[in-house]
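Going down the list, the sequences are from chains A and B.
FYI, the numbering for the first sequence is 54 to 184, going by this note's numbering.
FYI, the numbering for the second sequence is 153 to 593, going by this note's numbering.
No residue lacks a Cβ here, since even glycine has one placed at the ideal position from N, Cα and C.
A quick write-up on the structure given underneath.
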Amino acid sequence: MSPVSISTGPCQQSTGFLFSHECGLPAAATCPRCGKRVCDAHLSALGGELVCTSCAETGEEEGADEESGGDAGSDVSEDDPSYYYRDYGYYGPGSAWAKDGGRDPNDFTEADGESLRHEEDASFEEDLGGS
Amino acid sequence: MAALRWLVYALGGGMGHLTRASALARRAARQGHAVSLLTNSPFASGLPLEGVLGRGVQVHTLDAALDKPAVRNIVEGWLEEGRPDVLVVDTFPRGLGGELVSLLPGLRARKVLVHRDLNPVYVRRFDVARAVDAFDLLLVPGEDAPFAAHPRAVRTAPWLLLEAGELLSRAKARARLGVPGDDARPVVAVMGCGNAAEVAEAGDIAARLHAALGDEAVVRWLVPPDAGARGPGAEPRNGITGGADLPPPEGRAGAGARTDAMGGAGLPPPEGHTGAEPRNHAAGLPPQEGRARAGLRNEVTGAGGLSPPEEVPSAGLRGSGTGGFLRRRERPRTALPEALRVSVWPALAVLPGVDVLVGAGGYNTVQEARVTGTPLVALARPRLYDRQALRLRPEELASSVAELVERAVQLARALPARGPRPYSGGARDAVTLIESALLSA
């Protein structure tokens, strides 16, 4: 596995279940493909190197396309939604979760938890007895 | 200066907004202004507002359960019909439901914001800075606030409902709390306010303190009038409404029973008031088609007065000392808080008779304790906008009910000297500042 350079500053990986935002956790490395600062949670293994989860996902999709040559070689039944939508579901054929050693780029992170906590803001100006 | 029409917007839960706004309204009325105060406090209907606020303050009480559209309609009508010279808004520059954002630009009146601490998430996400700019004057009443450095912001001392001379003497305050004249024990008072659950929890805390201190101190549970056994609108627990047959702590006949004189805390009536005028429920806002007015109740129309509290004979005790030890053991545990309950408002009036105050970190409780030099230990209750933990000093803040009880017991046993009493006239100064702003308009 190729070494990655140590990086300082906040992680620049976009995350968020409802609202996209930068992760912001302390970065542990710089992605050798795109140069983005990323934290441990957003590092993923791809072909022997550690890259950011975005590059890992892109690389896996490219690899899958090369292997399958499109949908022609797929062994997925037409009854399976992922026959038509390759990324259907977190655990479909296109999911990094299904690959050995990979991290699910769609998995929840602490940053997601923080974004959900902000959902309490919905009480502002709605809960008229909450002051 | 000439009498002007003031509208005071005091929407918000609990009693804090109403009490702080009442402090201002009361003094404005004493200066001859006609004041209309809008509240949705669930405690408001039980308070002797007419007596404390006096002549010239009209209180409009909204049902606390109204939804946003209904509140907006009522506020819009209140502003239209009030034709104010000045609108004073407590805490929420956008309005409690955001309704003022669209209503203020069309209002031809000077606009004053009572500016206090606000949750920074709310400030950021609702662009409160822009809303603040709609006001001609920001009054910062004794605490820091996010826009306290605004060019139109002016700091004042904390606002208190009563003037220093209106507080009861120590002897009268203890009598009002049901402590016999020959009883020299310290008084520990647990303030019940906030919401129904917190009023009830204050009763449970009082019961724990009573059990822990026994004969060492008199414990009282201070409850707003008509708050019921568990808070506003709540049914008494287990059908218990009095608890007057509960025996006092051992060896202290007459010291542990309920005092339930409703009404004010023994304040002198406002100037010029005879105390004889009934509430005028007929002078509400005129009906207007299409507006949701069903939740608006007109409590007072310029003729308020404080009816003297019921006589509290040597302590205002009822049925005390009738039970022995065995009987007390057989009684349900839940009877105890009721026996400690004292219905009083404003509680500030009796603080000279309180040696340890136990409560929460709301604006009024904290400021009232400090200006009367009353040792305070308090919980920081969670609130949507107010950050009570920031208000409380480390020596005042308890992190749990267990710690609260433990520290209150320690304070009662140590009997620390009362602190200095830097009684402030912040509300009086605020009226002067607003009048100055009107003159310069």
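Within the same chain, and ignoring the five residues on either side of B/W158 in sequence, the residues whose Cβ sits closer than 6 Å to its Cβ are A180, H185, V187, V238.
Looking at B/P200, B/Y274, B/V211, the one whose alpha-carbon comes closest to that of B/D538 is B/Y274.
Of the residues B/T243, B/A300, B/L231, B/G317, the one whose Cα lies closest to the Cα of B/G577 is B/G317. A distance below 8 Å separates the beta carbons of A/C64 and A/A80. Contact annotation: B/L231 and B/L259 have beta-carbon atoms nearer than 8 Å. Here DSSP, grouped into helix, strand and coil, assigns B/L231 to helix.
With respect to the C-alpha of B/S174, the residue from B/R580, B/R304, B/R533, B/A323 having the closest C-alpha is B/R580.
In this structure, DSSP gives B/A348 a helical state, which the three-state scheme calls helix. Contact of A/F177 with chain B is assigned, a C-beta pair being separated by under 8 Å.
Judged by pairs of C-beta atoms under 8 Å, the region 486–495 of chain B touches the region 365–377 of chain B, as three or more such pairs exist. B/P534 sits in coil when the DSSP states are folded into three classes, being neither helix nor strand.
In the displayed model, A/C108 falls within a helix according to three-state DSSP.
Taking a 10 Å sphere around the C-beta of B/G294, we find 16 or more other C-beta atoms and assign the residue as buried. Judged by beta-carbon spacing, B/T308 lies beyond the 8 Å limit of B/V284, meaning their Cβ atoms are not closer than that value. Per DSSP, B/S588 is one residue of the alpha helix (DSSP H) stretching across 578–591.
Non-local C-beta neighbours of B/E251 in its own chain, meaning closer than 8 Å and more than five positions away in sequence, comprise K220, V223, R224, V227, E228, ordered along the chain. Take B/F287, set aside five residues on each side of it, and the residues of its chain with a beta-carbon closer than 6 Å to its own are K263, L265, in chain order. In this structure, the beta-carbon distance from A/C108 to A/R86 falls below 8 Å. Membership of B/L255 in the alpha helix (DSSP H) is indicated by the continuous run 252–255. In this structure, DSSP gives A/E102 an extended state, which the three-state scheme calls strand.
Counting only runs of 4 or more residues that sit fully inside the region 159–236 of chain B, the alpha helix (DSSP H) segments are 168–182, 201–205, 220–234, in chain order.
In the structure shown, A/T61 adopts coil according to DSSP, grouped into three states. From the beta-carbon of A/S73, no residue of chain B is found nearer than 9 Å; the closest lies around 17 Å away. Across the set B/P527, B/G514, B/P574, B/E315, the C-alpha of B/G514 shows the shortest separation from the C-alpha of B/R268. Annotation: the continuous alpha helix (DSSP H) that includes B/K324 extends over 322–328. In the structure shown, B/L503 adopts helical secondary structure according to DSSP, grouped into three states.
Taking 8 Å as the cut-off, the Cβ atoms of B/Q540 and B/A532 count as close.
At a beta-carbon threshold of 8 Å, the residues of chain A lying near B/L248 are E178, L181, S184, ordered along the chain. In the DSSP annotation of this structure, the continuous segment of the alpha helix (DSSP H) that includes B/R522 starts and ends at 515–523.
For A/D93, the three-state secondary structure derived from DSSP is helix. If you ignore the 5 residues before and after B/G249, its C-beta comes within less than 6 Å of the C-beta of K220, V223, all in its own chain and listed in chain order. Pairing A/L181 with B/C345, the inter-Cα distance amounts to about 17 Å. Among the residues of the region 523–539 of chain B, those with a Cβ less than 9 Å away from any Cβ of chain A are R535, L536, Y537, D538, in the order of the chain.
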